[in-house]
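Structure record follows, encoded as structure tokens.
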DNA sequence: TGAAAGACCG
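Residue numbers (the numbering used here): 21 to 617.
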């Protein structure tokens, strides 16, 4: 079997890669003299260099280089042509790369497996993994042998198009039929796919498996799993993997620590975060832009905008430039506090720094105004962003739709929704959730059900959150049987209730005075390994109060405290009112002793 | 030989 075509050798051609390196060097601020052109280059090379200096980022320039290459004698090597393709890929001009490749084929320019792999990668980025497989067929037909990179690229393409199961099967077959010697990268592609499809535990198993197969996991493999565990709020498991890494002599890097810090931020474990930062310092790993952005986000979300501002100063002092994410995150923090003047100031600062707000930045701002019920300003911002040539995303429309529904501006919401469909915005599960919630919130449960069936027929698979919204809607409408049915059918749909849906059931039953059924839900949660949270207990306790079941409330309060939860504001005030009243129940008196010594 | 694939931020 041949391994590619022998390269045509040439010494006269200044490689595209070299050009690009020069190009980026000339663009970097540290370049001593951007106009300096070495004089030992040929006229043609200087021309190329000139081109690259003014900007090789227009695909036209690359095409001109390609035409020049075609006319050269001897013809540049397969490596040179491949480098041109790689350069186009680096600039994300995937479709141009594909057309250059097809031209190469029509001119019978030699190509090899690397050339093919690059083009397959382009197809995958263009969301046409099917073309990628057509190319794989061409590879076989021409007698080339796909290597592990070719397959990794295809697997990634499948996964990026939500075909993870196909990717997994293909990977298994590649191993089974010994088509590749798997490396850490291809394992990571699958591990990452499992993580992103919510199967972190399987990812962990694959991490173990690769080791058994003699492919030592590296820091990237660990980072992938650590990140996923952190996102699943299983930071302690992630910390366990960190310890394991050091046992195995695998050095953690800034990505490892950033993921862990992210996980700890979500749990507000500030002491542990400090310890991680100290650990990094000890290991001489400096926080990078991502790390700072994570910390800034955590502080901003927690309302600590002053600390967030300080962190931005700190990152600048440490040589990390704040980017659009940094500023957008800070803006989000201001919006959360309703400090819109400051949010708008950030927008101005960004522009002054030459960082232009994108659709997501506007969406954050629009979301902020919607959450504070300033719908008209939000709508105005939508117009502004469109005028600036930014295309609102499905998230932009969704947040506005949510605002309109909550403000009970139904007619506008309806028009807005139609408008959004006309613009060709593809609905996702989150938007559907917003629509269903909005309809239920306005007492339109029947419309919500119609919409629900419509979304199912469109191929959107409702998740537990969607069902929770509908169940909540039914309860709100007093339709207990419908709510109960929907809940009991969850298992038939292959879904497990989560703590939120259980809480909705408990709240619904309590509202209807069905305390026994509510309590049964609590038991069911424990059976299904879904631990009750503070909301669960508070809801049930308030239900007991309302139905004068003070003994039950007493027991539940003890149980809640034993789990480390506290009575929330509404439970406390309800208890306070009860104690003020004339009722003299022994259990009430006992509670009084407990709470008000 | 080279040139291609994998992890972290709104």
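The C-beta atom is built at its ideal place from N, Cα and C for all residues, glycine as well.
Treat the numbers as computed from the prediction; the structure is a model and nothing was measured.
| Item | Value |
| --- | --- |
| Which residues mark the beginning and the end of the alpha helix (DSSP H) in which residue 158 is found? | 149-161 |
| Would residue 456 and residue 420 qualify as a contact pair, given that the criterion is a beta-carbon distance under 8 Å? | no |
| Please return the same chain residues whose Cβ sits closer than 7 Å to the Cβ of residue 137, not counting the five positions on each side in sequence. | 169, 170 and 173 |
| Below 8 Å between beta carbons: does that hold for residue 565 and residue 545? | no |
| Please state the DSSP three-state secondary structure of residue 290. | helix |
| Looking at the structure shown, is residue 461 part of a helix, part of a strand, or coil, going by DSSP? | helix |
| Mapping DSSP to helix, strand and coil, what is residue 319? | helix |
| Using DSSP with H/G/I as helix, E/B as strand and the rest coil, what is residue 553? | coil |
| Out of 204, 286, 376 and 369, point me to the one whose CA is closest to residue 240's CA. | 204 |
| Where are the alpha helix (DSSP H) runs, 4 residues long or more, that stay fully inside the stretch 196-223, in chain order? | 204-216 |
| Among the candidates 267, 268 and 263, whose CA atom is the shortest distance from the CA of residue 280? | 263 |
| Expressed to the nearest angstrom, what Euclidean distance is found between the alpha-carbon atoms of residue 108 and residue 80? | 11 Å |
| Going by Cα to Cα distance, which pick from 387, 607, 394 and 117 is closest to residue 414? | 387 |
| Which residue's Cα is closest to the Cα of residue 314: 495, 409, 353 and 303? | 353 |
| Counting along the chain, where does the alpha helix (DSSP H) carrying residue 604 start and finish? | First-last for residue 604: undefined, no H or E at that position. |
| Could you spell out the range, first to last residue, of the alpha helix (DSSP H) harbouring residue 79? | 79-91 |
| Helix or strand or just coil, what does DSSP make of residue 181? | coil |
| Indicate the three-state DSSP secondary structure (helix, strand or coil) for residue 263 in the structure shown. | helix |
| For residue 323, does the count of other Cβ atoms within 10 angstroms reach 16, so buried, or fall short, so exposed? | exposed |
| Rounded to whole angstroms, what is the Cα-Cα separation between residue 217 and residue 608? | 49 Å |
| Following the continuous alpha helix (DSSP H) through residue 351, name the residue where it begins and the one where it ends. | 344-356 |
| Please say whether residue 402 and residue 429 have beta carbons closer to each other than 8 Å? | no |
| Keeping to the same chain, check which residues put their C-beta closer than 7 Å to that of residue 503; ignore five residues upstream and five downstream. | 491, 494, 495 and 528 |
| Spatial neighbours of residue 89 within its chain, please: C-beta separation below 6 Å, excluding the five flanking residues on both sides. | 96 |
| Excluding the five sequence neighbours on either side, which residues of its own chain have a C-beta within less than 8 Å of the C-beta of residue 346, listed in chain order? | 309, 312, 313, 316, 332 and 335 |
| From residue 268 to residue 261, what does the alpha carbon distance come to, in whole angstroms? | 10 Å |
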